[in-house]
Amino acid sequence: MNQKLQNILDIIQQSERLDSEQKDNLLKAVNDADKELEITAFKLERTEKVKKTTAILLEETIEELEQKRKAVEAQNRELEIEASLERVRAIAMGMDKSDDLLAVCEIFFKEFTKLGFNALRNGLINIFNDEQKFLVNYDYSDYMGGSISNVSYNSNPANDEFLINIRKANDAFVETIIDRDQLDEWKEFRRSHGEADDPRLDNIKALYYYNYSFGSGSIGISNFEPISEEQQIILKRFRNVFNLSYQRYSDIALAEAQTREAQIEASLERVRAVSMAMHKPEDLLNVSKIQFKEFKKLGFSDIRNALIAIFNDEEEYFLDHDYSDDTGGNINKVPYNSHPEIDKLLTQSRKANDAFVELVIDKDQLDRWKEFRRSHGEEDDPRLSNIDALYYYNYSIGIGVVGFSTTKPIGEEYLKVLKRFRNVFDLAYRRYIDIAQAEAQAREAQIEASLEKVRAVAMSMNRSEDLLSICEVSFKEFKKLGFDNIRNALIHIQYDEQKYFMDYDFSDLTGGAITKLEYGSHPVVEDYLQQIRSAKDAFYQGVIKEDQLEEWKDFRRNSGQIDDPRLKKSTALYYYFFSIGIGDIGISTLQPINEYQIKILKRFRNVFDLAYRRYTDITKAEAQAREAQIEAALERVRTNAMAMQSSNDFAKIVEIVFTELKKVGFETLRCGIGIIESAETKKVDIWSTTLADEDLSIQISGDEVLEGHALLDGIIEHWINQTEFSYVL
Amino acid sequence: MKAKSIKGKSSDEIKNALAESMADGFKPTLAVVFLSVKQDQNAVCKILDDQGISIFGSTTSGEFIDGDYTEGAIAILLLEVDQTYFKIIFEEYVDKDPRLLVKHFGEKALRFFSNPTFILVSSGFFLDGEQLIRGIEDAAGIGANIWGGRAGDDRMGKTTFVFTNNKSSEQGIAILLIDGNKITVKGQALAGWKGVGTPKTITKSDGLWIQTLDDQPALDMMIKYMGYKFEGMGDSSPQYDSEVTSPVMLLREKGEPVLRSQSFINWSDRSIMLSGNFEPNAKIQLTLPPDFDIVDDVVKSCQQLKETELPEADAIIMFSCSGRLVELGPMIGKEIDGIKNTFGVPMAGFFTYGEYGRATDGNNEYHNYTCCWVALKEKQESE
Chain A
1 MNQKLQNILD
11 IIQQSERLDS
21 EQKDNLLKAV
31 NDADKELEIT
41 AFKLERTEKV
51 KKTTAILLEE
61 TIEELEQKRK
71 AVEAQNRELE
81 IEASLERVRA
91 IAMGMDKSDD
101 LLAVCEIFFK
111 EFTKLGFNAL
121 RNGLINIFND
131 EQKFLVNYDY
141 SDYMGGSISN
151 VSYNSNPAND
161 EFLINIRKAN
171 DAFVETIIDR
181 DQLDEWKEFR
191 RSHGEADDPR
201 LDNIKALYYY
211 NYSFGSGSIG
221 ISNFEPISEE
231 QQIILKRFRN
241 VFNLSYQRYS
251 DIALAEAQTR
261 EAQIEASLER
271 VRAVSMAMHK
281 PEDLLNVSKI
291 QFKEFKKLGF
301 SDIRNALIAI
311 FNDEEEYFLD
321 HDYSDDTGGN
331 INKVPYNSHP
341 EIDKLLTQSR
351 KANDAFVELV
361 IDKDQLDRWK
371 EFRRSHGEED
381 DPRLSNIDAL
391 YYYNYSIGIG
401 VVGFSTTKPI
411 GEEYLKVLKR
421 FRNVFDLAYR
431 RYIDIAQAEA
441 QAREAQIEAS
451 LEKVRAVAMS
461 MNRSEDLLSI
471 CEVSFKEFKK
481 LGFDNIRNAL
491 IHIQYDEQKY
501 FMDYDFSDLT
511 GGAITKLEYG
521 SHPVVEDYLQ
531 QIRSAKDAFY
541 QGVIKEDQLE
551 EWKDFRRNSG
561 QIDDPRLKKS
571 TALYYYFFSI
581 GIGDIGISTL
591 QPINEYQIKI
601 LKRFRNVFDL
611 AYRRYTDITK
621 AEAQAREAQI
631 EAALERVRTN
641 AMAMQSSNDF
651 AKIVEIVFTE
661 LKKVGFETLR
671 CGIGIIESAE
681 TKKVDIWSTT
691 LADEDLSIQI
701 SGDEVLEGHA
711 LLDGIIEHWI
721 NQTEFSYVL
Chain B
1 MKAKSIKGKS
11 SDEIKNALAE
21 SMADGFKPTL
31 AVVFLSVKQD
41 QNAVCKILDD
51 QGISIFGSTT
61 SGEFIDGDYT
71 EGAIAILLLE
81 VDQTYFKIIF
91 EEYVDKDPRL
101 LVKHFGEKAL
111 RFFSNPTFIL
121 VSSGFFLDGE
131 QLIRGIEDAA
141 GIGANIWGGR
151 AGDDRMGKTT
161 FVFTNNKSSE
171 QGIAILLIDG
181 NKITVKGQAL
191 AGWKGVGTPK
201 TITKSDGLWI
211 QTLDDQPALD
221 MMIKYMGYKF
231 EGMGDSSPQY
241 DSEVTSPVML
251 LREKGEPVLR
261 SQSFINWSDR
271 SIMLSGNFEP
281 NAKIQLTLPP
291 DFDIVDDVVK
301 SCQQLKETEL
311 PEADAIIMFS
321 CSGRLVELGP
331 MIGKEIDGIK
341 NTFGVPMAGF
351 FTYGEYGRAT
361 DGNNEYHNYT
371 CCWVALKEKQ
381 ESE
């Protein structure tokens, strides 16, 4: 209890003047007062406590509100920065080529300005190219606009120092200050790499560059004043946003490049496959075709056609193989010196094995060019109407060029791809040439072997019938050499005096046959003879088609040749002959043969010609020797006959005749001389010689009558008529 | 139902008071006993037990049968009521899931009475009071009639007990089940504390312990705002401090905010412990004690209930937070008297370490710093 109240309470209790009821009332009042006092004191105490707590709370709340106000301000600033970063991110994420970095510089500049970079000169991005020792500088300001310039390394001390410092870390920060006394040199440096003069640099104390590295480059600003710490942080955040976007761009660009590379490699592989599959010159058209299609796939939308030209210096032309989906494939022989642009192509392409030649046919040259194309057989290309120019892009492969033509100029990238096509084709074509040469050598060996077989048979000829053997071996060798449609092999020997020629032919179906064909027996024969006799190595090529064929079959039949069943199914019959002067050698086929096969045929002719000449020479020499032998025999007979003195000498004469005939090759059983008495008596005295037991025996008979048998009657009859007579028993 | 309340400063005084109350033929069958841990609990129980009276008891941080509250004494509400109208369930929760345990109580209660009222007291400091509420609701439904309080120990923070005949536990739960079909039980729970300042987020917590609020040590924040002055600063073990009187307002996504006391602190990690659970990352508000007219508001609210829902009562049981005793000081007697006088019937109550009761939104909650009271009225045969 309150001490004062306690005192009152004590007084009341001790009072003797107060009665009990008064005391109780007073004591209750004092107790109530004490209670009230206690409550009041408690309220006071608690109020103080609450007041204190409230004061702290109020203070804290004010502080909290202040913090929140600052937080809201910072948040607003943060939102402002984030919005700026978002806009930068949007532009940076939209990058799809390096030139887009200028747009990023522009958004940098604009957003830095919005964020209160009041002394900003421009926004910058540098991309380092260590390989070629320069950096590409992209910068933008509203005042100067955008510019891209290449700045060489080691071209300015301040720039070199910047390069050293910025390369120290992937997020390095570099401040570069160009003082007033360095400014003129700096301006000159800027001019030296092609940057336009910036008038804002004329009256400043210093120029400040702030750059953050992002590894392969840096981003930053140039400023007319030093930047604050907050601005540096903002710059770093811009760097981080840009870094991510640039990384993404780089990754995408890399992925796209890899995809593109894979596409190109796939195209090259297809070109390589077709090129490697080449086995004849005409296949170059297939290569042109695949190149055209692959160029198209790779986005060469303006391509007109793909070309491969192979030079033939010996004959002064090149074969142009071109292909487009519109015109299909064409092979054209283009003569040298036929157009100035062609001369340019030839000259420039010879400068190096991989020389690049660009031809541009301007609009005013196009008509002449079209005419030139027509002149070597090219068809008009409607795509050449209404164009401003025609462009040819070619890479040399040494013995020719590979390229394409377009109606619009193309960029560097496509030329690089063209060069890679050229490289693939070049290797494949070289391989083809090597293989073709090896094959040609093998083929040559095969042909030589065939010719050798023909030569061997031809050299062993000793009679005209042996020509059939030559036909046979020729037929078989032609077959081996790929004359798949050969019908037969033929040799003709002409006999002008008798106006006919002998036809020797052989095929595996009909075997060998010898037919005598009169000159002028058929217009075809007439035509053939006229051509084949025009020179000693004349070539005749003829074809008998459809309605002529039946007539020809009749003619053959009438000439004694057997029917050839292959002609029933054929619609044409082809003849190819090479003259050997007194005749010719050739083939007939059911399909036309090519130039190459004609050349082989000519080589068969040459072999046969030589062998046949030898045969005819030997035959002639043999004939002369025999004539001499006969003459000698005759001389011996003549000498003995001249020495006859009586009819008894006939015995000796018949012996000598018998002997001499034997010497000149007669396998005589008996020979004799008869002296006929008269036509009337038909009597004859006979001296005959025969071989008995390898010894000659001479028989003499007289007064034999030559009658009673056709042989004997014939003798008398022809003796009377003084004509030759022979009789076969 | 007849009711009388007695109080005493010792078991002997209680023995005499009991005898005196029974002198007129009053034969209590149930004693609601609230006594200080300093009292001889066994002796008091024996006195009642000897009379065949069922005991539903709890230790206190102050006890009263009217506005003249005491500390260190004994307050008993004696009820002469048909023994079939009530049951007492007593169980220790050591090594048990309290929610599950209480759910079983709820299920048991429904087997006894179709419409039970739960008046529960619990001992122990680290039992999550909310789990008891939810456990009963798990069995008896969300609208179950639940009231009660957590046992006190004269604000020493050492040991509390609940007890019944021959049983007592410092980690136990006692439930007085009342047949709602025979006895009407109505009550209120009012606090009056007001949230102040901006909500703080629980940024780090572990069970009932809050380590940080808005990423600052929770204890530092409480010291800063509430101006606590502690003794024994630097002690690394968790400790109770009766000076920690300001509750915090737990803001919840569902339901009204509830008050949570935070009487334990840990200097080592500068954390505070709440007396009820909370969601991780929940928000709290600091509080200021109610205005002085809260006492009048509580009494008026009681009067309103009397006028609208329960014109008469046979007895009143009151569970008032010990924190209210600190914060309202001598005015707490006015609050107690106001409620008692509203019905003019015997009452007993104690200052608790937590209160169970229906909040103003009708939901059962575990409270702190709240005045919870219930009035019991035996129904007439015709009702």
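Chains as they are written, first to last, in the working numbering: chain A, 1 to 729; chain B, 1 to 383.
For glycine and all other residues, C-beta sits at the position ideal for the given N, C-alpha and C.
Because the structure is a prediction, the values reported are computed rather than measured.
query: Can you list, in chain order, the residues of its chain whose CB lies under 7 Å from that of I447/A, leaving out five sequence neighbours each side?; result: L481, I600 and R603
query: Is the separation between the beta-carbon of E63/A and that of L115/A shorter than 8 Å?; result: no
query: For I715/A, name the three-state secondary structure that DSSP assigns.; result: helix
query: Between N243/A and F214/A, what straight-line distance do the alpha-carbon atoms span, to the nearest angstrom?; result: 6 Å
query: Taking the alpha-carbon positions, what's the Q597/A to Y727/A distance?; result: 53 Å
query: Taking any Cβ of chain B, which residues in the region 187-220 of chain A have a Cβ under 9 Å from it, in chain order?; result: none
query: Between the C-alpha atoms of S521/A and S464/A, what's the straight-line distance to the nearest angstrom?; result: 23 Å
query: Is there a Cβ of chain A sitting closer than 8 Å to that of V196/B, yes or no?; result: yes
query: Could you name each continuous alpha helix (DSSP H) segment of 4 residues or more that falls completely within the region 104-143 of chain B, going from the start of the chain to the end?; result: 129-140
query: Identify the contact partners of L305/B in chain A, using a Cβ-Cβ distance below 8 Å as the criterion.; result: Under the 8 Å cutoff, chain A gives no residues; its nearest Cβ is about 26 Å from L305/B.
query: Need the endpoints of the alpha helix (DSSP H) that T287/A sits in, please.; result: Before going on, a small fix: residue 287/A reads as Val here, not Thr. Looking at the DSSP string, the run of the alpha helix (DSSP H) that includes V287/A is L284 to K297.
query: Would you mind working out which of G583/A, I410/A, S474/A and G328/A sits nearest Y392/A, comparing C-alpha positions?; result: I410/A
query: Residues of the region 62-77 of chain A with a CB closer than 7 Å to any CB of chain B: list them in chain order, please.; result: E64
query: Can you list the beta strand (DSSP E) stretches of 3 or more residues lying completely in the region 182-269 of chain A, in chain order?; result: 206-213 and 217-223
query: Just to make sure I have the definition right: I need the residues of chain A whose C-beta is within less than 8 Å of the C-beta of P330/B. Which are they?; result: K35, E38, I39 and F42
query: As an exercise, report each continuous beta strand (DSSP E) stretch of at least 3 residues that is fully enclosed by the region 143-193 of chain B, in chain order.; result: 145-150, 162-164, 167-169, 172-179 and 183-190
query: Leaving out the 5 sequence neighbours to the left and right, which residues in its chain are closer than 7 Å to G124/B when beta-carbon positions are compared?; result: T160, E170 and Q171
query: In the DSSP assignment, what are the bridge partners of I671/A?; result: Before going further, note that residue 671/A is Cys rather than Ile in the sequence given. Looking at the DSSP assignment, C671/A forms a beta bridge with T689/A.
query: Give the range of the beta strand (DSSP E) segment to which R121/A is assigned.; result: L120 to N129
query: Would you identify the three-state DSSP class for I562/A, choosing helix, strand or coil?; result: coil
query: Chain A beta carbons: is any one of them nearer than 8 Å to that of F264/B?; result: no
query: So, helix, strand or coil for V32/B, using DSSP?; result: strand
query: By the 10 Å Cβ neighbour count, where 16 or more other Cβ atoms means buried, how is M156/B classified, buried or exposed?; result: exposed
query: So, at 7 Å on beta carbons, what are the nonlocal neighbours of S149/A in its own chain, with the 5 sequence-adjacent residues on each side left out?; result: N137, H193, G194 and E195
query: Measure the Cβ-Cβ separation of L468/A and Y504/A and say whether it is below 8 Å.; result: yes
query: For a cutoff of 8 Å on Cβ pairs, would you count E60/A as touching chain B?; result: yes
query: Taking the continuous alpha helix (DSSP H) assigned at M384/B, which residues delimit it?; result: The requested residue 384/B is not part of the displayed model; chain B covers only 1 to 383.
query: Mind checking L669/A: buried by the 16 CB within 10 Å criterion, or exposed?; result: exposed
query: Can you list the residues of chain A that K224/B reaches, using a CB-CB cut of under 8 Å?; result: I56 and E60
query: On the premise that I303/A lies in contact with F404/A, defined as a C-beta separation below 8 Å, what is that separation, rounded to the nearest angstrom?; result: 5 Å
query: Between R121/A and N223/A, which are expected to be in contact by the criterion C-beta below 8 Å, what is the C-beta distance as a whole number of angstroms?; result: 6 Å
query: Since S271/B sits in a beta bridge, which residues does DSSP pair it with?; result: N266/B
query: Is the region 1-21 of chain B touching the region 342-360 of chain B, taking contact as three or more C-beta pairs under 8 Å?; result: yes
query: Among A679/A, E704/A and D584/A, which has the Cα closest to the Cα of H718/A?; result: A679/A
query: I need the straight-line Cα distance from R237/A to N118/A, nearest angstrom please.; result: 18 Å
query: Hey, out of F134/A, V457/A, N76/A and K168/A, whose CA is closest to Y153/A's CA?; result: F134/A
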